[in-house]
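Heads up: take any position in the sequence shown, counting from 1, add 4, and you land on the numbering used here. In this text, a Cβ means the ideal position worked out from N, Cα and C, and glycines have one as well. All values derive from a computational prediction rather than experimental measurement. In what follows, a single structure is set out as C-alpha cells and then discussed.
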Amino acid sequence: MDSFKSKLTENSYFRQEELTFADCDRNKNARISALLRKAANYAGYDYDARGLTHEKLLEMREAFLLSRLAVKIRRCPRAREVLDITTWENGVKGAHMQRVYEMADQEGRLCASIRSDWILVDPVTRKILRPGSFTAKPLTVCPKEIDCPEPRKIVLPREGAEELGVRRIRWSDLDGNGHVYSANYGDIVWDCLPEDLQERIPREFYINYSKEATLGEDLRLLGLRGGETYRVEGLGPEGACFTALCVF
C-alpha cells in the first residue's frame, strides 16, 4: 500500500486523504459535513505544519473563528476515494481573513472547491481583532484562481418560512472550544431538508456562522424552499446561530 503524500510550500499545504464510510451518506456520497470538516481540518494542518499550533496561537491570544463558507461541487467524491486536497491563505477582505481549497481525485479531476472567511479574535476577551493585528506570520495570497463563488450573506425571509422543529445541542455536537463544531451544522441542515432534496447532491452550498451554540441550548429551525434552493436557519436564545443555503 502506498503511503499518502503531504507537502508544505511557502503559501500552500497539500495532503492526500481517503473518504471513509463515516464521511459519506447512505448513497456513499460525501456528506456536506465531511467537506466542511476537511476545510476546518486543513486550515489547522497548514498552521500546525508551520509551528503555529492551536496552543501556540492561544498563547499569543490570537484565534480564528470561521465566519462564512462557500462550496462548489463538480463531482461529489464517494466512499473510499482518495482525494488530493490543497489549501491556501488568500489575503484579507474587509474584516475577514480568507482561505481557499481544492479537492481533486487521483485522475487530477477537480471534485470540489471551497472559499472561506475567518475572523480573528482574542480567545480570552472574545473581542474581534482586525486582520492587521495578526502577528504570527505574514499572510499570503493564493497564486491561482479558485473556481468557487465568494461566501455570501444569507437571509431567510420570515414570510413563507416553515417551522422545522427544535434541535437540542448535545455533548457530541461540541468541539474543543465548547460550542457546536462548524462541520456539524452540515448534518443539522441535511436532517432538515425535504426528503427529495436529501437524496440529491448540491451544486453549491453556503453557510454563515453568526453566534455560538452551546450545550443544552435549543435551536429553533426554520426552512424556506425556492425553486432549486433551500434555506435553513437555526435560531438560538440570542438570535441566529447559523444560516445556510443549498443550491441543487
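- Counting only unbroken stretches of 4 or more residues, the alpha helix (DSSP H) elements lying wholly within the segment 184-239 are 188-196, 199-202, in sequence order.
- Across the structure, K131 and E166 are spaced so that their CA atoms are roughly 34 Å apart.
- Here L70 is not near M101, since their CB atoms are 8 Å or more apart.
- Taking C-beta separations shorter than 7 Å and ignoring five residues to either side along the sequence, the partners of F25 in its chain run A83, following chain order.
- Taking C-alpha positions only, G136 is separated from I173 by approximately 35 Å.
- In this chain, the beta strand (DSSP E) harbouring S117 covers 114-125.
- Proximity of the segment 244-252 to the segment 198-213 meets the contact definition, three or more beta-carbon pairs being nearer than 8 Å.
- Excluding residues up to 5 positions away in sequence, D27, C28, D29, G190, D191, W194 lie with their Cβ nearer than 8 Å to the Cβ of R35 in the same chain.
- Annotation for D200: no residue places its beta carbon closer than 6 Å to its own, counting only its chain and skipping 5 residues before and after.
- In this structure, R103 is the residue among R103, R79, V159 with its C-alpha nearest to the C-alpha of Y51.
- Judged by DSSP in its simplified three-state form, K76 adopts strand.
- Taking R41 as the centre and dropping the five residues before and after it, the same chain places the C-beta of A187 closer than 7 Å to its C-beta, in chain order.
- G240 and G231 have their C-alpha atoms some 27 Å from each other.
- As the crow flies, the alpha-carbon of R229 is around 36 Å from that of E111.
- Excluding five sequence positions before and after P153, the CB atoms of its chain that fall closer than 6 Å to its own CB belong to A74, given in chain order.
- With fewer than 16 other Cβ atoms inside 10 Å of its own Cβ, K157 counts as exposed.
- Residues of the same chain with a CB within less than 8 Å of the CB of R207, apart from the 5 flanking positions on each side, are K76, I77, V251, F252 in chain order.
- In the DSSP assignment, S37 falls within the unbroken alpha helix (DSSP H) covering 36-53.
- A Cβ-Cβ contact shorter than 8 Å links I118 with Y105.
- In the DSSP annotation of this structure, the continuous segment of the alpha helix (DSSP H) that includes E59 starts and ends at 58-63.
- As DSSP reads the structure, T90 sits in a beta bridge with F18, E106.
- Sorting F138, P81, T91, T90 by C-alpha distance to the C-alpha of C115 places P81 at the top.
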